[in-house]
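Worksheet: the structure to be examined is printed underneath.
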Amino acid sequence: MKKSTVIKWLTFTVILFFTPFTSLFAQQIGLQLYSLRNEFKTDVPGTLAKIKEWKIQQIEGGGTYGLPVDTYEKLLEQNNLQMVSYGASFEELQNNLPAVTDNAKAFGSKFIMCAWIPHKEGTFTREDLLKAVAVFNTAGKLLKEKGLQFCYHPHGYEFRPFENGTMFDYMVKHTDPRYVNFEMDVFWVKHPGQDPVALLKKYSTRFLMLHLKDRKSGTTGNQDGHAADETNVVLGQGDVGIAAIMKTAKKIGIKYYFIEDESPKAIEQIPQSLEFLRTLK
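Residues in the sequence shown are numbered from 524 upward in steps of one, following this note's numbering.
Written out as structure tokens, the structure reads:
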């Protein structure tokens, strides 16, 4: 074999060996844009450029921060950002589904995500639950017909005791898996006293996406769906158990992961969280 041929072969081997892992990480680890809500208020182009600087390619968002849709789309394209998941409110799912569909399609999203069910503060009733199940089944079916997958993001109050399990158990059982699935926010599973790993295993086919968020050790949990923003810490530095969660999530085939950091220091913490995730095997 000629020397030049050997060099080419070795170069190809090195690229083939290392490239998939880098690109796989970039594809898997995205960002929920709510993390940078304060930065977006003053500088949309600069904030999107910062996300690109972190080598994040996939995002979960909703809305355009006051910009025309075509302007915002161009900014996403310039920064190589793909809006995999589009956030919609419960009211929009119930009353304005065509607009949700059009917006998601405009951004090329695969998923529609809802993160809150309206209810009286401090309570989440049987009536709230049954209404949500009905709205999700109806909206999910219509979205599926348009080529979109609906996922609900539990927020903590769904883990109150109900019948022979929790309200979330009831929700899973009474929603059609063809049309309704779930995005686990690991913080909001830990905070009301649940085990994220156990829940992933229990409903291994129903969780399609994850929000990666860690909680300051010693934080007192609740089932109200609320916590101080300051309780969000760098991934791997809290008590949620991110490493074990990632290991289980990969085993069951979850493909989409979005860092969501609600702390006032999110722009400082996100790069540290990315570094932590890179250390995981």
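By construction, the Cβ of each residue, glycine as well, lies at the ideal position given by its N, Cα and C atoms.
Remember, predicted model here, so these are calculated numbers, not experimental data.
Where does residue i fall in DSSP's three states?
i: Val709; result: helix
i: Thr545; result: The predicted model places Thr545 with a pLDDT of 43, which falls under 50 and marks its position as unreliable, so this point remains unresolved.
i: Asn704; result: strand
i: Arg801; result: helix
i: Gly631; result: coil
i: Tyr588; result: coil
i: Gln605; result: strand
i: Glu583; result: strand
i: Pro715; result: coil
i: Gly748; result: coil
i: Gly663; result: helix
i: Thr536; result: Since pLDDT at Thr536 reaches only 36, below the 50 mark, its modelled position is unreliable, and the value read off the structure follows with that caveat. Here Thr536 sits in helix by DSSP.
So, at 7 Å on beta carbons, what are the nonlocal neighbours of residue i in its own chain, with the 5 sequence-adjacent residues on each side left out?
i: Lys739; result: Thr754, Val756, Gly761
i: Trp639; result: Phe613, His678
i: Met727; result: Inspection of the sequence shows that residue 727 is occupied by Ser rather than by Met. Result list for Ser727: Ile775, in chain order.
i: Val623; result: Ala611, Glu615, Leu616, Ile635
i: Leu665; result: Leu620
Return the chain-ordered list of same chain residues with a C-beta closer than 6 Å to the C-beta of residue i, the five sequence neighbours on each side being excluded.
i: Thr551; result: Correcting the residue type first, residue 551 is Gln in the shown sequence and not Thr. Tyr780, listed in sequence order.
i: Glu475; result: Since the first residue of the chain shown is 524 and the last is 804, residue 475 is not available in this structure.
i: Asp625; result: none
i: Ser558; result: Glu783, Asp784, Ala789
i: Glu583; result: Gln555, Ser608, Phe781
i: His697; result: Val656
i: Leu571; result: Leu598, Asn602
i: Gly748; result: His678, Gly679, Tyr680
i: His676; result: Met636, Ala638, Glu706, Asp708
By Cβ distance, which residues of its chain are closer than 8 Å to residue i, with the 5 residues on each side in sequence left out?
i: Lys525; result: Residue confidence is low: Lys525 scores 48 on pLDDT, short of 50, so the model does not pin down where it sits. Its coordinate-derived value is still stated next. So no residue of the chain qualifies.
i: Val658; result: Phe613, Leu616, Gln617
i: Lys713; result: Pro719, Arg738, Gly744, Asp762, Val763, Gly764
i: Pro641; result: Phe613, Glu614, Asp651
i: Gly631; result: Gln605, Met606
i: Lys669; result: Thr624, Lys628
i: Glu562; result: Gly569, Thr570, Lys573, Ile790
i: Lys575; result: Asn602, Asn603, Leu604
Return the Cβ separation of residue i and residue j in integer angstroms, given the expectation that the two are a contact with Cβ distance under 8 Å.
i: Ile775; j: Leu735; result: About 16 Å; that fails the 8 Å criterion.
i: Tyr693; j: Leu722; result: Between Leu722 and Tyr693 the Cβ distance is about 14 Å, and since that is not below 8 Å, they are no contact.
i: Val763; j: Phe710; result: 6 Å
i: Met636; j: Glu706; result: 6 Å
i: Cys674; j: Met732; result: 6 Å
i: Asn660; j: Tyr595; result: Their Cβ separation, rounded to whole angstroms, is 31 Å, which puts Asn660 and Tyr595 out of contact at 8 Å.
i: Met683; j: Gln746; result: Here residue 683 turns out to be Arg, not Met, going by the sequence shown. Contact flag correct, Cβ pair sits at about 5 Å.
In terms of residue numbering, what span does the beta strand (DSSP E) encompassing residue i cover?
i: Phe563; result: Looking at the DSSP string, Phe563 is not in any beta strand (DSSP E); the run it does join, the alpha helix (DSSP H), is 560-563.
i: Ile552; result: 552-555
i: Tyr693; result: It is not in any beta strand (DSSP E) - Tyr693 instead sits in the alpha helix (DSSP H) that spans 690-696.
i: Phe730; result: 730-735
i: Gln672; result: 672-675
So the alpha helix (DSSP H) residue i belongs to, where does it begin and stop?
i: Ile640; result: Careful: Ile640 lies outside any alpha helix (DSSP H) and carries neither H nor E.
i: Phe647; result: Neither: Phe647 is in no alpha helix (DSSP H) and is coded neither H nor E.
i: Glu614; result: 613-618
i: Gly569; result: 567-576
For the ligand NAD, I want to know if residue i counts as a neighbour, meaning its beta carbon is within less than 8 Å of at least one of the ligand's heavy atoms.
i: Pro677; result: Ligands displayed in this structure: none; no statement on the ligand NAD is therefore possible.
Checklist entry - What residue ranges within the region 754-798 form continuous alpha helix (DSSP H) runs of no fewer than 4 residues, ordered along the chain? => result Within the region 754-798, the complete alpha helix (DSSP H) runs of at least 4 residues are 765-775.
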